[in-house]
Amino acid sequence: MEACVTPYPETTNSDQVAGGELKPFPERLNAIPPRIASGSLPGVSVESFQEDNKLWKKHVKAYKRVNKLLDTRRYRNILDMNAGLGSFAAALESSKICNAEDILLEMDRILRPEGAVIFRDHADILGQVKRIAAGMRWKTKMVDHEDGPLIPEKVLFAVKRYWVVGDNNSTILR
250 MEACVTPYPE
260 TTNSDQVAGG
270 ELKPFPERLN
280 AIPPRIASGS
290 LPGVSVESFQ
300 EDNKLWKKHV
310 KAYKRVNKLL
320 DTRRYRNILD
330 MNAGLGSFAA
340 ALESSKICNA
350 EDILLEMDRI
360 LRPEGAVIFR
370 DHADILGQVK
380 RIAAGMRWKT
390 KMVDHEDGPL
400 IPEKVLFAVK
410 RYWVVGDNNS
420 TILR
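Encoded structure:
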């Protein structure tokens, strides 16, 4: 998993916060991160961050139409795996960067039964993710992009099911 983590920049003294001081919650939810504001992340500008933020607000609005539980406080912890404004495809295409099976197995370890994951990528990549998720007994549903079926990007919803060895039935989503 080390290849999947972007290291923080070095600090010159113990009083410095690596990467910069974050704003207090909930202000930080929409604040520009210090590493982006300072220009220390090559290829990521304040403008590109703001555009990405706007785009993700649109995506989340569409997610809430498919998974009604997103607005109910059902999910206590939300983990954003958007790798530096990139896509999950990098993990599947290059074993030197990240191994998709490793990432999904780690997600399975972290998720509780009935925990949900939302993946967004091209259909061929999501097909690979769906195959791996099925092997972990996750329930999945692929839907079209919110702008219609002609957009190559799709969305895959997955729910970790509760199961025990020898149990052919699940208590959720069939």
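Letter 59 of the sequence shown, counting from 1, is numbered 308 in this note's numbering, and no numbers are missing. Glycine included, every Cβ here is placed at the ideal spot set by N, Cα and C.
Let me check understanding here. Comparing Cα to Cα, which of the options lies closest to residue i?
i: ILE367; options: TYR411, ASN348 and ASP393; result: ASP393
i: THR389; options: PHE298, TYR324, LYS403 and GLY397; result: LYS403
i: PHE406; options: VAL413, ARG325, TRP412 and ALA372; result: ALA372
i: ARG323; options: VAL408, GLN265 and TRP412; result: VAL408
i: LEU290; options: TRP305, LYS306, GLY269 and ASP357; result: GLY269
Could you please give the first and the last residue of the uninterrupted beta strand (DSSP E) stretch that includes residue i?
i: LEU405; result: 402-409
i: MET391; result: 387-393
i: ILE367; result: 365-371
Leaving out five residues on either side along the sequence, give the residues of the same chain with a beta carbon under 8 angstroms from the beta carbon of residue i.
i: ASN279; result: ASN302
Does residue i pass the burial test, meaning 16 or more other C-beta atoms within 10 Å, or should it be called exposed?
i: ASP370; result: buried
i: ALA382; result: buried
i: VAL315; result: exposed
i: ARG443; result: Residue 443 lies beyond the range of the chain shown here (250 to 423); nothing can be said about it.
i: GLY364; result: buried
i: ILE352; result: buried
i: LEU375; result: buried
State the DSSP-derived secondary structure class of residue i, mapped to helix, strand or coil.
i: VAL315; result: helix
i: ASP320; result: helix
i: LEU341; result: Only weak support exists for where LEU341 lies, its pLDDT of 43 falling under 50; the coordinates are left without a value.
i: GLY397; result: strand
i: TRP305; result: helix
i: GLN265; result: coil
i: PHE274; result: coil
Got a sec: is the Cβ-Cβ distance from residue i to anything in chain D below 7 angstroms?
i: HIS308; result: Absence of chain D from the displayed structure is noted, only one protein chain being present.
Assuming residue i is part of the alpha helix (DSSP H), what are its boundary residues?
i: VAL293; result: It is not in any alpha helix (DSSP H) - VAL293 carries neither H nor E in the DSSP assignment.
Quick one: what's got a C-beta closer than 7 angstroms to residue i's C-beta in the same chain, skipping five residues either side?
i: PHE298; result: ILE281 and ILE285
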